[in-house]
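**Student:** Here the numbering used here runs 70 ahead of the position in the sequence shown, where the first position is 1. Glycine included, C-beta positions come from ideal geometry on N, C-alpha and C. Predicted model, so just to flag it, every value in this text is computed and none were measured.
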Amino acid sequence: MAKDTISVTDNRTGKTYELPIENGTIRAMDLRQIKVDKEDFGLMTYDPSLGNTASCKSAITFIDGDKGILRYRGYPIDQLAEKSTYLETAYLIVKGELPNREHLDAWTYNITMHTMLHENTKKFMEGFRYDAHPMGMLVGTVAALSTFYPDAKDIHDIECRRLQVRRLIGKMPTIAAYAYRYSLGLPYVQPDNELTYCGNFLSMLFRMTERNYKPNPVLERALEVLFILHADHEQNCSANAMRAVGSSRVDPYSATAAAAAALYGPLHGGANEEAVNMLQEIGSADKIPAFIKSVKAGERKLMGFGHRVYKNYDPRAKIIKKIAYEVFEVTGRNPLIDVAVELERIALEDEYFISRKLYPNVDFYSGIIYQALGFPASLFPVLFAIPRTSGWLAQWAENVIDPDQKITRPRQIFTGEAERSYVPIETRPAPQTLERKLLRGRL
Ligand code: ACO
């Protein structure tokens, strides 16, 4: 009978080792026994950017990138997008099961009770420059929350973890809305606990002098769906940052700030902002061929396209493309949709994109809806970070209680100088620094 093992022969020594295979993986630590001699450290794997390394066991999100499948805790993303709400999905992600009515009401109440910010948080935010990027403000303010809740350090206590989860999910929209209002010089709007999670967020962003702000139900639902789609995505860059930083046992506010910082980058959650800027720059369908030519020449990237895991259409992009048209029924058509649809059509027929399996990802169409909803481009990554907080916290909690996990600490292949002796400054030649070598193209 076939055994779940792999035999590895080290051609340097002629020795053969039998390594167990579990869940389609071998344990990297099992390679350490493979040595040339007793002094040898043992074999390691080299996997820059962790493209073929499972860093954890996780029961939260399942993705089949070749088939374009995404499930949270077993539930297909399209069913959740159609039937669920963001808070219900967040419960599912954090707690592992869908809530019944009683549990959903309690969860909603508990999160709603944490939407307000300490007054000093506002003062802290007022220290940012008038033109500060809202994502930078979010990253800094979430990190600052750790100083308001020093009790959060007790991460091995389940009740403590539960409290921070409620606080963070509750406060993220408030911080985001304050960052937005600050950039416009508008007074902050207090949370309105009569509204839904998304309705309250819209109120904190857009309410002016109305006595009772009532969000448009179509737009509120569109935001709800976008939040559901962004709630988790297994071991992406920011989830990995959350786990790695959290593995030092720091409080979850500091770890969430690190995750949000990872999300900010243009190759991750910052791509939606970049995608809209790109569509605006292209401007009209007749400019697309020239743009595609520059992408194929390696001069730039088609933002909102490509994914490390999806080698098929991102299922979230499909849903977003569909709801874009529902939003336009209310807001009027965003002309960028025509550029985007044509860009997608041309790219998907082009050998460059076909051979590399590059398809639209979640960020390709989301910015167009956000723009139609009235959000400025700089707020797009923030709109990603708010719902992703539930995913980050679920990933973090899973890591905290996983007995397999220790502090994240990868190895390296050292490529620097061998030992050399200190030379007095008077006798040193001009230094050939790394920067100089880079500038002269020698690195
Ligand atoms: N435009 C043009 N070419 C691309 C693109 C793109 N968007 N994405 C990948 N490629 C090309 C690469 O240049 C490479 O070509 P080569 O084989 O000739 O060198 C090939 O496709 C493979 O790409 P990699 O960079 O190896 O793919 P990787 O898995 O490392 O990167 C990533 C994935 C970062 C998402 C990449 O596709 C990208 O930069 N996309 C644009 C940014 C973006 O939309 N990011 C959002 C991702 S979704 C999210 O984070 C929420």
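Regarding Lys388 and ligand 1, is the C-beta to nearest heavy atom distance less than 8 Å?
**Tutor:** As a first step, residue 388 must be located in the sequence shown, where it is residue number 318. No, the Cβ of Lys388 stays beyond 8 Å of every heavy atom of ligand 1.
**Student:** Sorted by chain position, which residues of the same chain lie with C-beta nearer than 8 Å to Ile389's C-beta, five sequence neighbours on each side aside?
**Tutor:** As a working note, residue 389 is residue 319 in the sequence shown. Cβ neighbours of Ile389 within its own chain (closer than 8 Å, five residues either side excluded): Ile147, Asp148, Ala151, Val295, Leu299.
**Student:** Are Ile393 and Ile358 closer than 9 Å when you measure CB to CB?
**Tutor:** Residue mapping note: residue 393 aligns to position 323 of the sequence shown, counting from 1. Residue mapping note: residue 358 aligns to position 288 of the sequence shown, counting from 1. Taking 9 Å as the Cβ cut-off, Ile393 and Ile358 do not qualify as a contacting pair.
**Student:** Can Leu256 be considered in contact with ligand 1, in the sense that its beta carbon sits closer than 8 Å to one or more heavy atoms?
**Tutor:** By 1-based counting over the sequence shown, the position of residue 256 is 186. Flag unset: Cβ of Leu256 not near ligand 1.
**Student:** Taking C-alpha atoms, which residue in Phe375, Glu412, Ala328, Thr83 lies nearest to Leu208?
**Tutor:** Locating residue 208 in the sequence shown gives position 138, counting from the first residue. Leu208 has its Cα closest to that of Ala328, out of Phe375, Glu412, Ala328, Thr83.
**Student:** Report the rounded CA-to-CA distance for Gln234 versus Val409, giving the unit in angstroms.
**Tutor:** Counted from its first residue, the sequence shown places residue 234 at position 164. Counted from its first residue, the sequence shown places residue 409 at position 339. Looking at the two C-alpha atoms, the distance is approximately 43 Å.
**Student:** Considering only C-alpha positions, which residue in the set Arg102, Ser119, Pro118, Leu120 is nearest to Gly112?
**Tutor:** Locating residue 112 in the sequence shown gives position 42, counting from the first residue. When only C-alpha atoms are compared, the closest one is Arg102.
**Student:** Thinking C-alpha only, which one of Ser253, Val164, Ile181 is nearest Arg199?
**Tutor:** Residue mapping note: residue 199 aligns to position 129 of the sequence shown, counting from 1. When only C-alpha atoms are compared, the closest one is Ser253.
**Student:** What do you get for Gly210, buried or exposed, if any count of 16 or more other CB atoms within 10 angstroms of its CB means buried?
**Tutor:** Against the sequence shown, residue 210 aligns to sequence position 140. So Gly210 counts as buried.
**Student:** How many Å lie between Phe445 and Tyr383 at the Cα?
**Tutor:** For the purposes of this step, residue 445 is taken as residue 375 along the sequence shown, with counting starting at 1. For the purposes of this step, residue 383 is taken as residue 313 along the sequence shown, with counting starting at 1. Each residue's Cα considered, the two are about 26 Å apart.
**Student:** DSSP three-state label for Arg415, please.
**Tutor:** Numbered from 1 along the sequence shown, position 345 holds the residue referred to as residue 415. The answer is helix: DSSP assigns Arg415 an H, G or I state.
**Student:** Could you tell me the distance, in whole angstroms, from the CA atom of Cys307 to the CA atom of Met114?
**Tutor:** Counting from one through the sequence shown, the residue named residue 307 turns up at place 237. Counting from one through the sequence shown, the residue named residue 114 turns up at place 44. The straight-line gap from Cα to Cα measures roughly 23 Å.
**Student:** Per DSSP, which one or two residues make a beta bridge with Phe132?
**Tutor:** Taking the first residue of the sequence shown as 1, we reach residue 132 at position 62. In the DSSP output, where bridge partners are listed per residue, Phe132 has Arg141.
**Student:** Suppose contacts are defined by Cβ-Cβ distances below 9 Å. Is Ser460 in contact with Asp201 by that definition?
**Tutor:** As a working mapping, residue 460 is identified with position 390 in the sequence shown. As a working mapping, residue 201 is identified with position 131 in the sequence shown. Not in contact: Ser460 and Asp201 (Cβ atoms no closer than 9 Å).
**Student:** Could I get the ranges of all uninterrupted beta strand (DSSP E) runs contained in the stretch 318-389, with 3 residues as the minimum, in chain order?
**Tutor:** none
**Student:** Considering Tyr76, what are the terminal residues of the beta strand (DSSP E) in which it resides?
**Tutor:** Here residue 76 corresponds to residue number 6 of the sequence shown, with the count starting at 1. The amino acid at residue 76 is misidentified as Tyr; the sequence shows Ile. Segment 75-80, the beta strand (DSSP E) holding Ile76.
**Student:** Taking its Cβ as the centre, do 16 or more other Cβ atoms sit within 10 Å of Tyr422, making it buried, or is it exposed?
**Tutor:** On the sequence shown, residue 422 is found 352 positions in, with the first residue counted as 1. That one is exposed.
**Student:** Mind reading off the beta-carbon distance from Ala345 to Phe434? Whole number of angstroms is fine, and I expect it under 8 Å.
**Tutor:** What you label residue 345 is simply residue 275 of the sequence shown in a count that begins at 1. What you label residue 434 is simply residue 364 of the sequence shown in a count that begins at 1. With a Cβ gap of about 6 Å, Ala345 and Phe434 count as contacting.
**Student:** Pick from Ser318, Asn347, Arg378: whose alpha carbon is nearest that of His338?
**Tutor:** Here residue 338 corresponds to residue number 268 of the sequence shown, with the count starting at 1. Checked all of Ser318, Asn347, Arg378; the closest Cα to His338 is Arg378.
**Student:** Look at the alpha carbon of Cys126 and the alpha carbon of Pro257, and state the distance between them as a whole number of angstroms.
**Tutor:** Residue 126 sits at position 56 when you count from the first residue of the sequence shown. Residue 257 sits at position 187 when you count from the first residue of the sequence shown. Taking the straight line from one Cα to the other gives about 44 Å.
**Student:** Name the residue from Glu351, Leu406, Phe454 whose alpha carbon lies nearest to the alpha carbon of Gly340.
**Tutor:** Along the sequence shown, one-based indexing puts residue 340 at 270. Nearest of Glu351, Leu406, Phe454 to Gly340, Cα basis: Phe454.
**Student:** Hey, how far is the Cα of Ile456 from the Cα of Asp262?
**Tutor:** Counted from its first residue, the sequence shown places residue 456 at position 386. Counted from its first residue, the sequence shown places residue 262 at position 192. Separation of Ile456 and Asp262 (C-alpha to C-alpha, rounded to the nearest whole angstrom) is 17 Å.
**Student:** Have a look at Arg236, Thr79, Gly197, Ala355 and flag the residue whose alpha-carbon is nearest the alpha-carbon of Leu174.
**Tutor:** For the purposes of this step, residue 174 is taken as the residue at position 104 of the sequence shown. For the residues Arg236, Thr79, Gly197, Ala355, the minimum Cα distance to Leu174 belongs to Arg236.
**Student:** Which stretch, first to last residue, makes up the alpha helix (DSSP H) that contains Glu489?
**Tutor:** Translated into the one-based positions of the sequence shown, residue 489 becomes position 419. From DSSP, Glu489 is part of no alpha helix (DSSP H); its letter is neither H nor E.
**Student:** Please report the straight-line C-alpha distance between Leu418 and Ile133, rounded to a whole angstrom.
**Tutor:** Within the sequence shown, residue 418 is the residue found at index 348, counting from 1. Within the sequence shown, residue 133 is the residue found at index 63, counting from 1. Those two C-alpha atoms are separated by around 22 Å.
**Student:** Can you give me the Cβ contacts of Val315 inside the same chain, cut-off strictly under 6 Å, excluding the 5 residues immediately before and after it?
**Tutor:** The residue given as residue 315 occupies position 245 in the sequence shown. Answer for Val315: Ala325, Ala328, listed in chain order.
**Student:** Restricting to Cα atoms, I'd like to know which of Pro473, Gly437, His226 is closest to Met348.
**Tutor:** As a first step, residue 348 must be located in the sequence shown, where it is residue number 278. If we check each option's Cα against that of Met348, Gly437 comes out closest.
**Student:** Can you give me the Cβ contacts of Thr185 inside the same chain, cut-off strictly under 6 Å, excluding the 5 residues immediately before and after it?
**Tutor:** The residue you call residue 185 lines up with position 115 of the sequence shown. Excluding residues within five positions, the ones whose Cβ falls inside 6 Å are Gly240, Thr244, Pro261.
**Student:** Exposed or buried, what is Thr79 when buried is set at 16 or more other beta-carbons lying within 10 Å of its beta-carbon?
**Tutor:** Taking the sequence shown and counting its residues from 1, one reaches residue 79 at position 9. Result: exposed.
**Student:** Would you call Arg251 buried or exposed, if buried means 16 or more other Cβ atoms sit within 10 Å of its Cβ?
**Tutor:** Counted from its first residue, the sequence shown places residue 251 at position 181. Under this definition Arg251 is a buried residue.
**Student:** Can you determine whether any heavy atom of ligand 1 sits closer than 8 Å to the C-beta of Arg378, and answer yes or no?
**Tutor:** Stepping through the sequence shown from its first residue, residue 378 is reached at position 308. Yes, the beta carbon of Arg378 sits closer than 8 Å to at least one heavy atom of ligand 1.
**Student:** Would you kindly check if the distance between the Cβ of Asn469 and the Cβ of Ser317 is under 9 Å?
**Tutor:** As a first step, residue 317 is located in the sequence shown; it is residue number 247 there, counting from the start. As a first step, residue 469 is located in the sequence shown; it is residue number 399 there, counting from the start. Contact: yes.
**Student:** Note down, in chain order, each residue of its chain lying with its Cβ closer than 8 Å to the Cβ of Ile91, except the 5 sequence neighbours on either side.
**Tutor:** Mapped onto the sequence shown, residue 91 falls at position 21. Contacts found: Asp74, Thr75, Ile76.
**Student:** Using 10 angstroms around the beta-carbon of Asn122, count the other beta-carbons present and answer buried if the total reaches 16, otherwise exposed.
**Tutor:** Taking the first residue of the sequence shown as position 1, residue 122 is located at position 52. Counting Cβ neighbours within 10 Å, Asn122 comes out exposed, since fewer than 16 surround it.
**Student:** Using DSSP with H/G/I as helix, E/B as strand and the rest coil, what is Tyr435?
**Tutor:** The sequence position of residue 435 within the sequence shown is 365, counting from 1. Residue state, collapsed to three classes: helix.
**Student:** Under the rule that 16 or more other beta-carbon atoms within 10 Å means buried, what is Pro285, buried or exposed?
**Tutor:** Along the sequence shown, one-based indexing puts residue 285 at 215. Classification of Pro285: buried, given that the 10 Å Cβ count is 16 or more.
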